[in-house]
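What follows is a short report on a single structure.
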Amino acid sequence: MANLKFQTLLGMHDTLPQDQAYFLKVRKSVESVVNYYSFSRIDTPILEMTEVFVKGTGVDTDIVEKEMYSFRTKGGDMVALRPEFTPGIVRSYIENGMFNLPQPVKLWTMGPCFRHERPQAGRYRQFTQLDLEILGDASASTDGQIIQMSYDILKELSFKNLSIEVNSIGDSECRPYFKKILTSYFKSKKSSLCSNCQRRLKDNPLRILDCKDEKCQRIKAGAPQIVDHLCEACHAHFKQVLEFLDELELPYVLNPYLVRGLDYYTKTVFEIVDKSENGESQGTLIGGGRYDNLVKLMGGRNTPACGAAGGIDRIINLMKAKEVKTLKVEEPQVFLAQLGQLAKRKSLKLFEEFRNAKIPVAESFSKDSLKAQLRSANKINAKYVLIFGQKEALEDFITLKNMETGDQEEIKIDKIVEEIKKRIKK
Ligand code: AMP
């Protein structure tokens with residue numbers, strides 16, 4: 000492989016025809032859930048002004064600081080390939096005046112995102128994300144609904160061993176105070192922190208809780224917990240969210256150190272992971288939370304909101320490892336076989352006529368032998384084979400073979416579409 004002239008870029012992969020069935024299954028499950036919950040589909044451009052993510056995702060995040068594909072266009076604009084959906088959707092909500100619609104506005108989307116990360120299992124540079132957003136609702140039931148939907152989607156896809164981790168990271172009222180407490184705790188252990196966290200200590204001590212370094216994890220285990228320092232409003236909100244999760248009987252666990260890597264979250268944050276053993280660990284499958292300040296921060300009105308994002312590639316990797324069955328493509332009941340040059344030419348036209356009549360027909364025009372074509376027809380279990388040979392083509396009729404009974408009859412070519420229509424209706 001090493002001496003191939005062209006290869007996919009590091010961290011990017013093709014989705015080959017044989018993998019499309021997984022995507023189809025995921026899309027169908029997602030659609031069944033989002034439609035039930037009355038979400039509308041939105042599609043935003045892959046390319047946005049870089050500033051959308053600097054402001055939205057947050058200038059201090061790894062995503063913006065290190066991972067974003069950001070570049071200057073020939074026209075001189077700074078643009079970025081979206082590393083996530085939320086800032087683009089918020090931009091669209093404001094730009095298209097969606098605050099004038101009855102609130103909340105429930106939106107969903109799915110598509111490619113890009114992050115220049117170090118590729119590893121379940122971590123790519125181009126990956127497909129699913130995104131759910133509810134804008135314009137401050138109530139805890141919204142958080143509950145987003146978590147329930149995320150869980151439902153994975154359940155629909157046959158994930159049985161899921162764990163939902165939840166936490167509250169407070170808001171602008173209580174978080175600054177907690178940051179101070181946390182900073183003084185970590186300062187007392189500064190020399191034992193990894194070099195990244197020593198730097199984070201100054202601007203973003205919460206992110207130390209996210210660090211995967213073993214030493215930092217040990218120190219984290221003794222750190223103060225934000226749930227003990229929430230203001231009254233955040234505390235009440237979190238309590239209600241947990242009551243909803245209890246009522247919904249969702250298998251959640253409290254993770255007091257869950258902070259997630261994005262700056263905009265307020266109050267609830269959650270992550271769903273698969274706990275079963277089969278397949279290489281893929282990390283978080285779906286994660287999200289509340290972001291009550293983001294719409295205002297990006298120039299809109301004060302709009303509370305809550306959302307979730309899921310990694311489709313990770314979900315599909317696990318579906319493959321678990322050998323989850325994909326949807327069976329329904330094969331046509333009719334097979335068109337041809338023999339000889341004239342018949343082949345006329346077959347192409349007949350094939351088009353069936354398409355116009357919306358009757359699925361299979362063919363193998365590339366094969367010349369009738370035997371090989373009948374083998375193909377058998378493979379898809381075709382009920383009828385239309386045999387179009389030299390004689391038929393000259394005399395404008397077609398031999399219709401019923402594959403179940405073996406009966407054959409001759410039908411005028413201009414009647415065959417109608418005739419098939421009648422028979423496959425039965
Ligand atoms: P985030 O936007 O970072 O909260 O990510 C949401 C979800 O997207 C994660 O839980 C993952 O499932 C998925 N995800 C994030 N980054 C990647 C990546 N580089 N490759 C594959 N999936 C990813």
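Here the sequence shown is numbered in numbering that gives the first Met the number 0, starting from 0 and rising by one per residue.
Just so you know, even glycine gets a beta-carbon here, dropped at the ideal spot from N, CA and C.
Asked: Alpha carbons only, please: which of Gly169, Gly388, Val272 is nearest the one belonging to Phe364?; Found: Gly388
Asked: At a cut of 8 Å, does the stretch 189–209 reach the stretch 138–151 through at least three beta carbon pairs?; Found: no
Asked: Measuring only from the beta carbon, is Gly287 closer than 8 Å to any heavy atom that is part of the ligand AMP?; Found: yes
Asked: What do you reckon, is the C-beta of Phe158 under 8 Å from a heavy atom of the ligand AMP?; Found: no
Asked: Can you tell me whether Cys430 sits near the ligand AMP, meaning its C-beta is under 8 Å from at least one heavy atom of the ligand?; Found: A query on residue 430 cannot be resolved here, the shown segment of the chain reaching from 0 to 425 and no further.
Asked: Quick one: complete beta strand (DSSP E) runs, 3+ long, within the stretch 123–204?; Found: 125–134, 161–167
Asked: Looking at Phe269 and the ligand AMP, is the gap between the Cβ and the nearest heavy atom below 8 Å?; Found: no
Asked: How big is the Cα-Cα spacing for Lys178 and Arg122?; Found: 30 Å
Asked: Give me the Cα-Cα distance between Ser171 and Glu330, rounded to the nearest whole angstrom.; Found: 57 Å
Asked: Can you look up Gln332 in the DSSP assignment and give me helix, strand or coil?; Found: coil
Asked: Inspect the beta-carbon positions of Leu369 and Ile412 and report whether they are closer than 9 Å.; Found: no
Asked: Given this structure, state the Cα-to-Cα distance separating Glu248 from Glu418, to the nearest angstrom.; Found: 55 Å
Asked: May I ask you to report which of helix, strand or coil DSSP gives Arg81?; Found: coil
Asked: Excluding sequence positions up to five away, which residues of its chain have a Cβ less than 7 Å from the Cβ of Ser39?; Found: Lys105, Leu106
Asked: Counting only the same chain and skipping the five closest in sequence on each side, list residues whose C-beta sits under 6 Å from that of His236.; Found: Ala139, Lys266
Asked: Beta-carbon within less than 7 Å of Leu261's beta-carbon, same chain only, minus the 5 sequence neighbours each way: which residues are those?; Found: Thr56, Gly57, Thr60
Asked: Are the stretch 77–88 and the stretch 116–132 in contact at 8 Å, needing three or more beta carbon pairs?; Found: yes
Asked: If we require 3 or more residues per run, which beta strand (DSSP E) segments fall completely within the stretch 278–303?; Found: 283–289
Asked: Mind checking Asp13: buried by the 16 CB within 10 Å criterion, or exposed?; Found: exposed
Asked: In three-state DSSP terms, what is Met109?; Found: strand
Asked: Where Tyr92 and Met48 are concerned, what is the direct C-alpha to C-alpha distance, given to the nearest angstrom?; Found: 16 Å
Asked: With distances taken Cα to Cα, identify the nearest neighbour of His115 among Asp406, Glu50, Phe70.; Found: Phe70
Asked: Counting pairs of Cβ atoms below 8 Å between the stretch 378–386 and the stretch 398–413, do you hit three or more?; Found: yes
Asked: Considering only C-alpha positions, which residue in the set Leu3, Pro44, Lys24, Glu94 is nearest to Gly298?; Found: Glu94
Asked: Could you tell me how far apart the beta carbons of Ile45 and Thr108 are, in whole angstroms, since I believe they sit closer than 8 Å?; Found: No, Ile45 and Thr108 are not in contact; Cβ-Cβ is about 11 Å, not under 8 Å.
Asked: Reducing DSSP to helix, strand and coil, say where Lys411 ends up.; Found: strand
Asked: Leaving out the 5 sequence neighbours to the left and right, which residues in its chain are closer than 7 Å to Thr398 when beta-carbon positions are compared?; Found: Ile386, Glu391, Gln407, Glu409
Asked: Run the CB neighbour count on Pro303, radius 10 Å, all protein chains shown included, and call it buried at 16 or more, exposed below.; Found: buried
Asked: Assign Phe353 to buried or exposed, taking buried as 16 or more other Cβ atoms, counted over all protein chains shown, within 10 Å of its Cβ.; Found: buried
Asked: Which class does Arg259 belong to by DSSP, given the choice of helix, strand or coil?; Found: coil
Asked: May I have a chain-ordered list of the beta strand (DSSP E) segments no shorter than 3 residues that lie completely inside the stretch 325–393?; Found: 333–337, 360–362, 383–387
Asked: Closer than 8 Å: is that where the CB of Gly282 sits relative to any heavy atom of the ligand AMP?; Found: yes
Asked: Would you say Leu284 faces chain D, with C-beta separation under 9 Å as the test?; Found: Any reference to chain D falls outside this structure, which holds one protein chain only.
Asked: With H, G and I counted as helix, E and B as strand and the rest as coil, what does DSSP make of Gly306?; Found: strand
Asked: Provide the residue(s) that pair with Leu3 in DSSP beta bridges, ordered along the chain.; Found: For Leu3, which the question treats as bridged, DSSP gives no partner whatsoever.
Asked: Look up Glu270 in the DSSP assignment and say whether it is helix, strand or coil.; Found: strand
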